[in-house]
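Enquirer:
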Amino acid sequence: MTEGDSPAAGPAKLDTSVAHNARVWNYWIGGKDNYEVDQRVGEQVAGMFPVIRAVARADREFLARAVRFVTAERGMRQFLDIGTGLPTVDNTHEIAQRIAPESRIVYVDNDPIVLVHARSLLTSSPEGVTDYIDADVRDPDAIVQRAAETLDLGRPVALMMLGILNFVLDTGEAGDIVRRLMAVLPSGSHLVLTHPTYDADVGGEGNRAAMEFWNAHATPPITARSREEIAGFLDGLEPVEPGLVPCSQWRAGPASAAVPQYGAVAVKP
1 MTEGDSPAAG PAKLDTSVAH NARVWNYWIG GKDNYEVDQR VGEQVAGMFP VIRAVARADR
61 EFLARAVRFV TAERGMRQFL DIGTGLPTVD NTHEIAQRIA PESRIVYVDN DPIVLVHARS
121 LLTSSPEGVT DYIDADVRDP DAIVQRAAET LDLGRPVALM MLGILNFVLD TGEAGDIVRR
181 LMAVLPSGSH LVLTHPTYDA DVGGEGNRAA MEFWNAHATP PITARSREEI AGFLDGLEPV
241 EPGLVPCSQW RAGPASAAVP QYGAVAVKP
């Protein structure tokens with residue numbers, strides 16, 4: 001897809017009567033691409049679980065650190081970013097291409113509002129490429145087939161899965177998705193992952209009630225998992241130091257407080 005192409009054959013159908021994750025998340029990080037219903041539900045969830053705004057910010061900051069790391073220190077020049085979310089400041093392609101202008105990035109999402117804004121994700125450097133795929137994380141075969149039109153899957157790829165596996169409610173299915181995607185990527189590829197948790201030792205004890213409210217009043221449904229469950233998504237891979245930790249503390253300053261959202265970068269041997 002070039003910058004002049006339309007990302008969809010027709011206008012995406014948006015339901016503004018129900019709060020949606022991409023728009024609420026956008027609201028929490030201070031964006032403008034949200035509606036009154038998203039703000040109302042976002043405020044209710046934040047009232048129940050005040051740390052959620054810090055989680056949203058920490059997830060974006062982790063993305064920036066992780067992309068800089070795999071680009072500058074691991075030589076990644078290809079990125080498959082699944083669960084893109086709404087465009088904001090410093091998207092994956094902007095960070096990667098700032099370091100390596102020849103980087104190629106494929107974004108994947110199936111959210112109508114993200115599709116509407118996809119054009120702003122396609123502002124590639126002249127030396128590189130960006131593309132957008134309208135696909136569901138639960139269909140990894142379709143994602144791989146489409147991504148291969150832009151990425152060379154014979155060369156290492158950074159698979160970005162930030163805050164996406166929590167929308168796959170069955171843990172076995174979520175793990176299978178990761179395995180199937182990583183199986184087609186060559187040695188030296190990296191998995192970049194974040195995931196919310198209920199673990200009390202990192203402040204996640206309020207997540208359960210907040211997610212129950214979310215699932216009753218917004219879409220799509222979501223779940224959190226324990227550190228042990230999330231670590232299972234890294235099976236067969238080699239985690240980069242410091243391993244699976246609160247995303248706010250992954251290669252961050254010593255004063256960074258923990259948030260109930262784990263993050264990790266792992267390499268395929």
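Residue numbers for the sequence shown follow full-length UniProt numbering, so the first one is 1 and each next one is one higher.
Glycine included, each C-beta is placed from N, C-alpha and C at the ideal position.
From what residue to what residue does the alpha helix (DSSP H) around G175 run?
Expert: Here residue 175 refers to the residue found at position 175 of the sequence shown. Unbroken alpha helix (DSSP H) run through G175: 171 to 183.
Enquirer: Please state whether DSSP places E238 in a helix, a strand or coil.
Expert: Your numbering for residue 238 matches position 238 in the sequence shown. DSSP places E238 in strand when its eight states are reduced to three.
Enquirer: What does the alpha-carbon distance come out to for the pair A22 and D38?
Expert: In the sequence shown, residue 22 corresponds to position 22, counting from 1. In the sequence shown, residue 38 corresponds to position 38, counting from 1. Approximately 9 Å between the Cα atoms of the pair.
Enquirer: Just the Cα atoms here: how many angstroms apart are A54 and A255?
Expert: In the sequence shown, the residue the question calls residue 54 occupies position 54. In the sequence shown, the residue the question calls residue 255 occupies position 255. Roughly 14 Å separates the two Cα atoms.
Enquirer: Could you tell me the boundaries of the alpha helix (DSSP H) in which Y35 lies?
Expert: As a working mapping, residue 35 is identified with position 35 in the sequence shown. That residue, Y35, is in no alpha helix (DSSP H); it is neither H nor E in DSSP.
Enquirer: Restricting to Cα atoms, I'd like to know which of V168, G128, I164, V178 is closest to V144.
Expert: Stepping through the sequence shown from its first residue, residue 144 is reached at position 144. It is V178 whose Cα lies nearest to the Cα of V144.
Enquirer: Leaving out five residues on either side along the sequence, give the residues of the same chain with a beta carbon under 8 Å from the beta carbon of E229.
Expert: Along the sequence shown, one-based indexing puts residue 229 at 229. Same-chain partners within the cutoff: T171.
Enquirer: State the CB to CB distance for the pair T197 and G206, rounded to an integer number of angstroms; the pair is presumed to be in contact (CB under 8 Å).
Expert: Walking along the sequence shown from the start, residue 197 turns up at place 197. Walking along the sequence shown from the start, residue 206 turns up at place 206. At roughly 11 Å, the Cβ-Cβ gap does not stay under 8 Å, so T197 and G206 are not in contact.
Enquirer: Note down, in chain order, each residue of its chain lying with its Cβ closer than 8 Å to the Cβ of A266, except the 5 sequence neighbours on either side.
Expert: In the sequence shown, residue 266 corresponds to position 266, counting from 1. Here the set comprises H190, L191, L193, L234, L237, E238, P239, V240.
Enquirer: Measuring only the C-alpha atoms, how far is G263 from L165?
Expert: Indexing the sequence shown from 1 puts residue 263 at position 263. Indexing the sequence shown from 1 puts residue 165 at position 165. So the alpha carbons of these two residues sit roughly 12 Å apart.
Enquirer: Please report how far the alpha carbon of A46 lies from the alpha carbon of V245, in whole angstroms.
Expert: Walking along the sequence shown from the start, residue 46 turns up at place 46. Walking along the sequence shown from the start, residue 245 turns up at place 245. Approximately 23 Å, taken between the alpha carbons.
Enquirer: Just confirm the distance between the C-beta atoms of A58 and V259, as a whole number of angstroms; I'd bet it's less than 8 Å.
Expert: For the purposes of this step, residue 58 is taken as residue 58 along the sequence shown, with counting starting at 1. For the purposes of this step, residue 259 is taken as residue 259 along the sequence shown, with counting starting at 1. Between V259 and A58 the Cβ distance is about 5 Å, and since that is below 8 Å, they are a contact.
Enquirer: What does the Cβ neighbour count give for D152, buried or exposed, with the cut at 16 atoms within 10 Å?
Expert: By one-based count along the sequence shown, residue 152 stands at place 152. Counting Cβ neighbours within 10 Å, D152 comes out exposed, since fewer than 16 surround it.
Enquirer: Alpha carbons only, please: which of V116, G83, R208 is nearest the one belonging to G163?
Expert: In the sequence shown, counting from the first residue as 1, residue 163 sits at position 163. Considering only alpha carbons, the answer is G83.
Enquirer: Would you check if there are 3 or more beta carbon pairs closer than 8 Å linking the region 105 to 117 to the region 20 to 36?
Expert: yes
Enquirer: Using only the alpha-carbon positions, how far apart do F79 and R146 sit?
Expert: Here residue 79 refers to the residue found at position 79 when the sequence shown is read from its first residue. Here residue 146 refers to the residue found at position 146 when the sequence shown is read from its first residue. Whole-angstrom Cα-Cα distance: 13 Å.
Enquirer: Take D81 and list the residues in its own chain whose beta-carbon comes closer than 6 Å to its own, dropping the five residues that flank it on each side.
Expert: Reading the sequence shown from its first residue, position 81 is the one you call residue 81. The answer, listed in chain order, is T92, Y107, M160.
Enquirer: Using CA coordinates, which residue listed in P221, W250, E212, A142 is at the minimum distance from R68?
Expert: Numbered from 1 along the sequence shown, position 68 holds the residue referred to as residue 68. Ranking P221, W250, E212, A142 by Cα distance to R68 puts W250 first.
Enquirer: Just checking my contact of S122 with V157 at CB under 8 Å: how many whole Å lie between their CB atoms?
Expert: Numbered from 1 along the sequence shown, position 122 holds the residue referred to as residue 122. Numbered from 1 along the sequence shown, position 157 holds the residue referred to as residue 157. Note that residue 122 is Leu in the sequence shown, not Ser. Actually they are not in contact, since the Cβ atoms of L122 and V157 sit about 19 Å apart, beyond 8 Å.
Enquirer: In the structure shown, what three-state DSSP assignment does L162 receive?
Expert: Stepping through the sequence shown from its first residue, residue 162 is reached at position 162. In this structure, L162 counts as strand in the three-state DSSP scheme.
Enquirer: State the DSSP-derived secondary structure class of H93, mapped to helix, strand or coil.
Expert: As a first step, residue 93 is located in the sequence shown; it is residue number 93 there, counting from the start. Helix.
Enquirer: Is DSSP giving D131 helix, strand or coil here?
Expert: The residue given as residue 131 occupies position 131 in the sequence shown. In the three-state reduction of the DSSP assignment, D131 falls in the strand class, which pools E and B.
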